[in-house]
Amino acid sequence: MSGRWIRIFVLTAVIGILVVGGWWFYMMAEAESTAVMPLHVTGDVEEVLTIRDPGDDRFDPEQIALRDATAHAVSLEAVIAAASPAAADYDVLLVGADGRSALLDGADLASGRIALTGDYGWEARMEDHPPASNIKNLDRIVVISRGAPPGETISIVAPGKNLAHFTPGQLYESGLQQRWMEVGRSSVSKEDRTFETVALKRRKAVDLEKLVDVGPGEQVWAVGELGEVKAVNGNDVLYLDGNTLVLSCADGNVRIDRLRGLIIDPPGRMITDVRDDAERLLRQDEPVLLVLIDGLGWHQFEYATEEGLSPVLSSLPRPDCAMVAYPPVTPVNVAASLTGETPDVTGIHDRRVRRANVPTIFSFARDAGMKATAIVGPMQGVELEIDPVLCTDAAGTGSTDDDILRAALERVGEGYDLMLVHFKDVDRAGHEHGDTAPETLRQIARIDGYVGQLLREWEGHVVIFSDHGMHETVDGGDHGMFLAEDLFVPYWKIDWRDRVE
Ligand SMILES: [Zn+2]
5 MSGRWIRIFV LTAVIGILVV GGWWFYMMAE AESTAVMPLH VTGDVEEVLT IRDPGDDRFD
65 PEQIALRDAT AHAVSLEAVI AAASPAAADY DVLLVGADGR SALLDGADLA SGRIALTGDY
125 GWEARMEDHP PASNIKNLDR IVVISRGAPP GETISIVAPG KNLAHFTPGQ LYESGLQQRW
185 MEVGRSSVSK EDRTFETVAL KRRKAVDLEK LVDVGPGEQV WAVGELGEVK AVNGNDVLYL
245 DGNTLVLSCA DGNVRIDRLR GLIIDPPGRM ITDVRDDAER LLRQDEPVLL VLIDGLGWHQ
305 FEYATEEGLS PVLSSLPRPD CAMVAYPPVT PVNVAASLTG ETPDVTGIHD RRVRRANVPT
365 IFSFARDAGM KATAIVGPMQ GVELEIDPVL CTDAAGTGST DDDILRAALE RVGEGYDLML
425 VHFKDVDRAG HEHGDTAPET LRQIARIDGY VGQLLREWEG HVVIFSDHGM HETVDGGDHG
485 MFLAEDLFVP YWKIDWRDRV E
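Everything in the sequence shown is counted per this note's numbering, starting at 5 for the first residue and increasing by one.
What follows is the structure, given as structure tokens:
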């Protein structure tokens, strides 16, 4: 063998040893690091963290002296900052694997370290605090918001009542139970025997009864972040998963993976009934007028009735209370009412998407060869399958509702099977002045008169509804939150024979 070949052979062998050795060291290092119990940072945080490495640069790693030795440690403040707490003011719950926990003010954590020790796993070392805060075998760090605004909480409401608001972090402090839930099953057959395993996971179940009184026989609806609405069954389980609340069947099948709120004793109707009611009537060759009064909450209608400011609407048969789709904003509920589907199906969750994934009632009318029109303001947020009549403020009154009324009255006797009329001014006044401000009530009174004019001319059935309500803010009103004021609206379905003469 020549010297050249020997050199190549030796070089190849050295490279081989380095590669194999490197791989071996890497695998050993991996094996060592996976043996560290993970530390979870959860609760009211933007990002749930799992920490396995005490040398992670994000957390100001250092060596600290602990029980005559040194230990790797990270800064508690840096760990929490990396998870991005949802609120400015919060408490921190340090939870040990054995259940021992310590609740600390989130503003006082500067001296706190989390050390990784051979004896006690992750271990809190709070220099300025009493020793009771030095939790050993630390399993999780829970951030708990103080006084989060209702818009950023999970809420429990009933028609006319906001019952409770809480954050996922706050749930850790109340009403949690451990519960084993199935996540899968498998089996292996060997010779003539079968070995079965049921895979389970320990969940942090939420006891609904501890959060809110549910009367006997009272229904509960769960509403998800995507606008899904599901009736809660007796067997369903609510559990916390990181920073979200999950509604699941008892067998582990998830029904809603990000719960937004619960409705106790829900009303008999949903906004999606508009489509079903209209279609049923059209199938019976009954013309339908849909009147959408933007931003008229149930409580606003009741107040206007008490004040005698809605003589037409108040003289009609008493309306049903209807729940609108979440979030309670116009495009979401124009889509939900006209398609008969909730936002998880329509795909319209805000203003960004204009075309629903499913057809509206106008598609049905068009395909049935019916005469249909929609009379709306200058902008139509949701695409319909017909060209709407767009009304601008031609008379310069500062409002388009008078123009909309005029356009509707011009067409009302022209043999339409389906007509949608969408008035905007109650919403506008509500934003500007507040849900029950005198200016808003004046607009309700004005639109009440407009409805009266339409009803006098229209021959057929009428469905009058709203797309959302309105709640009071410091400088007027707003909507879009999981609040009773925003979510419930009046709903009239009037037979031709009951019309106002
Ligand atoms: Zn609005």
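Here a beta-carbon is modelled for each residue, glycine too, at the ideal position from N, C-alpha and C. All values derive from a computational prediction rather than experimental measurement.
Contact test: residue i Cβ vs ligand 1 heavy atom, cutoff 6 Å
i      : result
Asp405 : no
Asp431 : yes
Gly301 : no
Length of the line joining the Cα atoms of residue i and residue j
i      : j      : result
Arg273 : Gly256 : 29 Å
Ser79  : Gly100 : 18 Å
Arg144 : Leu98  : 6 Å
Thr121 : Ala75  : 6 Å
Ala35  : Pro65  : The pLDDT assigned to Ala35 is 43, lower than 50, so where the model puts this residue is not dependable, and the model offers no usable value.
Asn239 : Ala254 : 6 Å
Ser37  : Gly155 : Summary for Ser37: the model assigns pLDDT 47, below 50, so the residue's position carries little reliability, and this model does not support an answer.
Thr343 : Leu113 : 52 Å
Met32  : Arg56  : Confidence at Met32 is low in this model, with a pLDDT of 49, below 50, so the placement of that residue should be treated as unreliable; the coordinate-derived value is given next. Going by the C-alpha atoms only, they are around 15 Å apart.
Asn138 : Ala488 : 43 Å
Met485 : Leu296 : 20 Å
Ser367 : Ala308 : 35 Å
Tyr243 : Gln223 : 19 Å
Glu414 : Ala376 : 14 Å
Val372 : Thr350 : It is Ala, not Val, that sits at residue 372 in the sequence shown. Taking the straight line joining both Cα atoms gives about 22 Å.
Asp280 : Asn337 : 14 Å
Asp452 : Asp324 : 17 Å
Glu186 : Asp245 : 15 Å
Val14  : Arg8   : 10 Å
Val385 : Leu167 : Looking at the sequence shown, residue 385 is not Val but Gly. Cα to Cα, the separation comes out at about 33 Å.
Lys3   : Lys205 : Shown here, the chain extends from 5 to 505; a query on residue 3 therefore has no answer.
Paired residues, beta bridge with residue i - DSSP
i      : result
Asp245 : Thr248
His1   : Given that the chain is displayed from residue 5 to residue 505, the structure contains no residue 1 and the question cannot be resolved.
Thr2   : There is no way to answer for residue 2, as the model of the chain reaches only from 5 to 505.
Gln181 : Ala209
Met130 : Gly116
Gly453 : Answer by DSSP bridge pairing: none, since Gly453 is not bridged.
Pro494 : Cys325
Trp225 : Ala235 and Ile267
Leu553 : Nothing about residue 553 can be reported from this structure: the residues present for the chain run from 5 to 505 only.
Proximity test, Cβ basis, 7 Å: residue i and chain B
i      : result
Lys428 : Of the protein chains in this structure there is only one, and it is not chain B.
Proximity to residue i [Cα-Cα], best of the options
i      : options                           : result
Leu445 : Lys234, Val455 and Gly434         : Gly434
Gly188 : Leu180, Glu195 and Glu200         : Glu200
Pro271 : Phe305, Leu242, Ala235 and Ala326 : Ala326
Val278 : Met485, Ala449, Leu424 and Pro315 : Leu424
Arg322 : Tyr454, Gly464, Ala235 and Phe469 : Phe469
Glu463 : Leu294, Val386, Ala378 and Glu345 : Leu294
Gly164 : Asp269, Trp9 and Ala128           : Asp269
Val210 : Arg356, Gly116 and Ser252         : Ser252
Ala128 : Pro220, Pro153 and Val96          : Val96
I'd like the ranges of any alpha helix (DSSP H) spanning at least 4 consecutive residues and lying wholly in the region 270 to 343. Correct list: 277 to 287, 302 to 310, 315 to 319 and 334 to 343.
Note down, one range per segment and in chain order, each beta strand (DSSP E) of at least 3 residues found wholly within the region 400 to 441. Segments of the beta strand (DSSP E) lying fully in the region 400 to 441: 422 to 427.
Please list the segments of the alpha helix (DSSP H) lying wholly inside the region 150 to 202, counting only runs of 4 or more residues, in order along the chain. Inside the region 150 to 202, DSSP marks whole alpha helix (DSSP H) runs of 4 or more residues at positions 172 to 177, from first to last along the chain.
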